[in-house]
């Protein structure tokens, strides 16, 4: 979805914009993995459920962002 939005928004240098978007996506995966590791190491009482709750907590703003950016996506 984000890659489509990037392609729609950029008229020139789509390859560069797609590359930047891909890099940001990979960086976000790296940060999420690091945070999950910190939760497992430093908050063992929450365990894997702590990661699930944090994922749900992060999913809510993502839904809101997607909903309010419908105009940007052309929907």
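In my numbering, the protein residues as written are 1 to 75.
Using N, Cα and C, we set each Cβ at its ideal position, and we do this for glycine too.
Note that the structure is predicted; figures quoted are calculated from it, not measured.
Proximity below 9 Å, CB of residue i to CB of residue j
{"i": "residue 36", "j": "residue 56", "result": "no"}
Backbone CA spacing between residue i and residue j [nearest angstrom]
{"i": "residue 31", "j": "residue 41", "result": "15 Å"}
{"i": "residue 38", "j": "residue 20", "result": "27 Å"}
{"i": "residue 9", "j": "residue 68", "result": "16 Å"}
{"i": "residue 46", "j": "residue 4", "result": "37 Å"}
{"i": "residue 34", "j": "residue 59", "result": "17 Å"}
{"i": "residue 66", "j": "residue 48", "result": "27 Å"}
{"i": "residue 16", "j": "residue 53", "result": "35 Å"}
Distance between beta carbons of residue j and residue i, contact taken as under 8 Å
{"i": "residue 14", "j": "residue 22", "result": "Their Cβ separation, rounded to whole angstroms, is 12 Å, which puts residue 14 and residue 22 out of contact at 8 Å."}
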